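For the sequence shown, counting from 1, position 30 maps to 30 in UniProt numbering; every step adds exactly one. Even glycine gets a Cβ: it sits at the ideal position worked out from N, Cα and C. Treat the numbers as computed from the prediction; the structure is a model and nothing was measured.
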Amino acid sequence: MTTHDDGTSRAILPEDAAQLPAAFAEAFNSGDAEHLDRLYDDPGVLVPGPGHPVTGEARAAADRHLLGLGLPIDARLRHAYVAGDVALLIVDWSVQGTAGNGEEVHLQGSAADVARRGPDGVWRYAVNNPFGTG
Numbered sequence: 001m002t003t004h005d006d007g008t009s010r011a012i013l014p015e016d017a018a019q020l021p022a023a024f025a026e027a028f029n030s031g032d033a034e035h036l037d038r039l040y041d042d043p044g045v046l047v048p049g050p051g052h053p054v055t056g057e058a059r060a061a062a063d064r065h066l067l068g069l070g071l072p073i074d075a076r077l078r079h080a081y082v083a084g085d086v087a088l089l090i091v092d093w094s095v096q097g098t099a100g101n102g103e104e105v106h107l108q109g110s111a112a113d114v115a116r117r118g119p120d121g122v123w124r125y126a127v128n129n130p131f132g133t134g
């Protein structure tokens with residue numbers, strides 16, 4: 001991974017598609033919604049529930065909701081298939097623990113994500129599909 005300084009923060013932005021899930025986990029675990037948003041392509045899609053893709057502010061709100069749990073994510077790359085500037089990433093992930101409101105949280109899945117390499121050489125999510133085909 002390489003560190004890019006965009007003038008507002010030092011975000012770890014991956015130049016290797018296989019490093020995108022680790023960069024996402026680092027951003028998520030930092031609690032920094034802006035850092036997380038930098039890992040999406042424009043207009044990146046998040047599928048927070050099967051059949052419900054969101055972009056733009058709705059995507060950012062869905063990510064902020066998960067960040068609001070105050071729990072870390074564990075993300076482990078299972079497969080990365082790269083074809084030029086596009087990659088399919090299969091990632092096993094989980095968010096578990098007691099949220100700030102006292103609620104027990106047990107979220108997990110196997111993501112089927114699509115990443116795209118931008119002109120700057122950085123890989124970002126075109127489609128973040130955390131529940132895969134579920």
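Residue pairing by DSSP puts Gln108 in a beta bridge opposite Ser94. Annotated three-state conformation of Asp37 is helix, per DSSP.
Annotation: the continuous alpha helix (DSSP H) that includes Asp63 extends over 56-67. Of the candidates Asp41, Ala25, Asn29, Asp41 places its Cα closest to the Cα of Val122. Taking the Cα positions, Val47 is about 18 Å away from His106. Going by C-alpha positions, Ala60 is about 10 Å away from Leu67.
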